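One structure is given here, and the rest of the page talks about it.
There are 2 protein chains.
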Amino acid sequence: MRIAEVAERSGLTVSAIRYYEKSGLCPPISRGPDGKRQFNATDLDWLTLLSSLRETGMTLSDMRAFATLYRGGDETIPERKSALLKHRDSLAIRQAQLDRRHDILNRKLKKYQEIIGESP
Amino acid sequence: MRIAEVAERSGLTVSAIRYYEKSGLCPPISRGPDGKRQFNATDLDWLTLLSSLRETGMTLSDMRAFATLYRGGDETIPERKSALLKHRDSLAIRQAQLDRRHDILNRKLKKYQEIIGESP
DNA sequence: TACCGACCTCGAGCAGCTTTAGGTCAAGCC
DNA sequence: GGCTTGACCTAAAGCTGCTCGAGGTCGGTA
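Protein sequence lines correspond, in order, to chains A and B.
So in this note's numbering, the last spot in the first sequence is 155, and the numbers never skip.
So in this note's numbering, the last spot in the second sequence is 155, and the numbers never skip.
What follows is the structure, encoded as structure tokens:
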């Protein structure tokens, strides 16, 4: 699979994928005879998970820790699970915060509405 | 009002407030005889709104544009309203995205659960 | 009087990419 | 065959939005 396709499917950008590889977030991707990266399904899955973690606010350094666990094989699953649980909690907090901020925006919009007096 | 109090109430950090003033996101805050910033209620309101916009993903440059409109007085309210509407839409999209990512995390957790076989 | 805590400025540092410059290679067209 | 196009490559600099550290000024208090 070409890098452009992986980018589209994982939700990362091409640059971000290269950056992630360079900084050790994913194992070195195998190369074709022309030096181009050739991704397999496992690479795609991993990058998609990384994309989810990143988009939900995990830092690269936490992701690196998670990647290290991953390389440790199945016996690190309980640790990985608790890392994800912790992250899911912080995501829930963040989502609640966004909801509140959303409300504030709505109230502000309502005020503007009252001032200019058009239909919503 | 002291800067520490404004920080706590608005949700910004002390450094961020100073940074926002320096980069023209809020009008110059009045100073006491000792050179310290003295915030009034209007300053607090504005910074709280900025905080909401920022936390929901608006860029500083968009916030600057919004601040410029604000300085233009009441006749810019329709423009401000449409800016906020647009931003609220993009926030909703972002929230939906987060929900999907949240689901992905949950599925991954479920898999781990099945592998290690404990109670959820 | 000497220290503490809260503020100040300015400049450097940091995360997490993105952009740019300069290059390789295969495929498609004339 | 030669030329262009487009997708990829690397390394390095640039960007955003702060944060942190150094070094300094106050007012209050033991």
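Beta carbons: idealized from backbone N, C-alpha and C, even for Gly.
These numbers were taken from a predicted model, which means no experiment stands behind them.
For B/Q20, return the contacting residues in chain A, with the cut-off set at a CB-CB distance below 9 angstroms.
Coverage of chain B is limited to positions 36 through 155, which leaves residue 20 of chain B absent and any answer about it impossible.
Tell me where the alpha helix (DSSP H) around B/I151 begins and ends.
112-151
Own chain, CB closer than 8 angstroms to A/Y55, minus 5 neighbours either side, in chain order
L47, C61, L82, L85
Cβ closer than 9 angstroms: which chain B residues qualify as neighbours of A/T77?
Chain B residues near A/T77: none, gap ~15 angstroms exceeds 9 angstroms.
Tell me the residue span of the alpha helix (DSSP H) that contains B/S45.
38-45
Please check the pair B/L119 and A/L140, which I expect to be a contact at CB under 8 angstroms, by giving their CB distance rounded to whole angstroms.
6 angstroms
Shorter than 9 angstroms from the beta carbon of B/S154 to some beta carbon of chain A?
Residue placement at B/S154 cannot be trusted, given a pLDDT of 49 that sits under 50; what the coordinates show is reported in the next sentence. By this cut-off, B/S154 is not an interface position.
Out of B/G92, B/G70, B/L144, point me to the one whose CA is closest to B/K121's CA.
B/G92
Counting Cβ pairs closer than 8 angstroms, one from the stretch 62-69 of chain B and one from the stretch 140-150 of chain A, do we hit at least three?
no
Under 9 angstroms between the Cβ atoms of A/L79 and A/S45?
yes
Pull up the distance between the alpha-carbon of B/D138 and that of A/D69, whole angstroms please.
38 angstroms
For A/A127, would you say it is in contact with chain B, using Cβ-to-Cβ distances shorter than 9 angstroms as the test?
yes
Burial state of A/S117 (16 or more Cβ within 10 Å):
exposed
Determine the closest residue to B/T103 out of B/V49, B/A39, B/S58, B/I150, with distance taken between C-alpha atoms.
B/S58
Using a Cβ-Cβ distance under 9 angstroms, would B/P113 count as near chain A?
yes
Starting from B/K57, trace the alpha helix (DSSP H) both ways and give me its first and last residue.
49-57
Which whole-angstrom value describes the C-beta separation of B/R136 and A/E43, a residue pair presumed to lie in contact below a C-beta threshold of 8 angstroms?
Between A/E43 and B/R136 the Cβ distance is about 17 angstroms, and since that is not below 8 angstroms, they are no contact.
According to the neighbour-count rule (16 or more other Cβ atoms, all chains shown, within 10 Å of its Cβ), is A/I52 buried or exposed?
buried
Determine the extent of the alpha helix (DSSP H) in which A/L104 is found, giving its start and end residues.
95-106
For A/M36, which residues of its own chain have a beta-carbon under 6 angstroms away from its beta-carbon, when the five flanking residues on both sides are left out?
F74
Taking all protein chains shown into account, decide if B/R106 is buried (16 or more other Cβ within 10 angstroms of its Cβ) or exposed.
exposed
Starting from A/K116, find everything on chain B with Cβ-Cβ shorter than 8 angstroms and list it in chain order.
L144, Y147, Q148, I151
Nearest chain A C-beta to B/T91 closer than 9 angstroms, yes or no?
yes
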